[in-house]
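Listed in order, the protein sequences are those of chains A and B.
First residue of the first sequence? That's 1 in the UniProt record's numbering, and the numbers climb one at a time after it.
First residue of the second sequence? That's 1 in the UniProt record's numbering, and the numbers climb one at a time after it.
2 protein chains.
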Amino acid sequence: MNNLNLGALIKDHRKKAGLTQLELANLAGVGKTTVFDIEKNKETVRLNNLFAVLRVLNIKIEFKSPLTK
Amino acid sequence: MNNLNLGALIKDHRKKAGLTQLELANLAGVGKTTVFDIEKNKETVRLNNLFAVLRVLNIKIEFKSPLTK
DNA sequence: TTAATTTTACCGCTATAACAGTAAAATAAT
DNA sequence: ATTATTTTACTGTTATAGCGGTAAAATTAA
């Protein structure tokens, strides 16, 4: 899905990992502004930056369609 | 997963939909270069552009982690 | 084969994401 | 309450994604 709550999902995972936005940003190798934007569901972020954040939080992406099922 | 074959997945769906890169780009409201880049697994594309392409092809995204399971 | 289509790969230009500061809200801790 | 921490929201600058145009490969159709 075009998950509009991706930001909330990431924030929740970050909190449970005991990380601040700045710590997550440093671990992911992105700027703090980018983490802030991602958690605010700003969809103009770049895919590589999102991937870097997801990797730190151990969140996997799956793509599904009628063809892949 | 940080699906490295997202490009191939999209290309496959596009082909099965009988669309050219240019047609898909127009339907998604992005430039042809963007579709080309996405199919080449260029991860610096912007999330909104990827979402627009996925929507046209009816591909859904899911995020999974030990916490969401 | 040849012709038509599509994909790949450039180009220059424009718009803006990403960045590190900074500072003010908001939240949490004492 | 006060203090410390974190988040939010700006800034100016820099790097580059995205764009249409073009043209050459590659692929497909005739």
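Note that the Cβ used here is the ideal one computed from N, Cα and C, for glycine as well.
* **Cβ neighbour criterion (16 or more within 10 Å) applied to residue 57 of chain B** => Translated into positions along the second sequence, residue 57 of chain B becomes position 57. Label assigned to residue 57 of chain B: buried.
* To do: With a 10 Å radius around its C-beta and 16 neighbouring C-beta atoms as the bar for buried, classify residue 1 of chain A as buried or exposed.
  => As a working mapping, residue 1 of chain A is identified with position 1 in the first sequence. Caution applies to residue 1 of chain A, whose pLDDT of 43 falls short of 50 and renders its modelled position unreliable; the value that the coordinates give is listed next. Residue 1 of chain A is exposed by the Cβ-count criterion.
* Mind checking which residues open and close the alpha helix (DSSP H) that includes residue 38 of chain B? => For the purposes of this step, residue 38 of chain B is taken as residue 38 along the second sequence, with counting starting at 1. Residue 38 of chain B -> alpha helix (DSSP H) spans 32-39.
* On the DSSP bridge assignment, give the partners of residue 63 of chain A in chain order. => To locate residue 63 of chain A, count along the first sequence from 1; it is residue 63. B:61, per the DSSP bridge assignment.
* Beta-bridge pairing of residue 46 of chain A - partner residues as DSSP gives them -> Taking the first residue of the first sequence as 1, we reach residue 46 of chain A at position 46. Residue pairing from DSSP places residue 46 of chain A in a beta bridge opposite B:46.
* residue 49 of chain B versus B:8, B:13, B:17 and B:25, residue with shortest Cα-Cα distance -> Counting from 1 along the second sequence, the entry for residue 49 of chain B is found at position 49. When the alpha-carbon of residue 49 of chain B is set against those of B:8, B:13, B:17 and B:25, the nearest one is in B:25.
* Which stretch, first to last residue, makes up the alpha helix (DSSP H) that contains residue 7 of chain A? -> Sequence index remark: in the first sequence, residue 7 of chain A carries index 7 (1-based). Run containing residue 7 of chain A: 6-16, per the alpha helix (DSSP H) assignment.
* Asked: Rounded to whole angstroms, how far is the Cβ of residue 60 of chain A from the Cβ of residue 65 of chain B, which I believe are closer than 8 Å?
  -> On the first sequence, position 60 is the one that residue 60 of chain A refers to. On the second sequence, position 65 is the one that residue 65 of chain B refers to. The pair is a contact, with the Cβ atoms about 7 Å apart (cut-off 8 Å).
* **Selection from B:47, B:20 and B:33 that minimises the alpha carbon distance to residue 37 of chain A** => Here residue 37 of chain A refers to the residue found at position 37 of the first sequence. If we check each option's Cα against that of residue 37 of chain A, B:47 comes out closest.
* Asked: Nearest chain A C-beta to residue 46 of chain B closer than 8 Å, yes or no?
  -> Mapped onto the second sequence, residue 46 of chain B falls at position 46. Judged by the 8 Å Cβ criterion, residue 46 of chain B is in contact with chain A.
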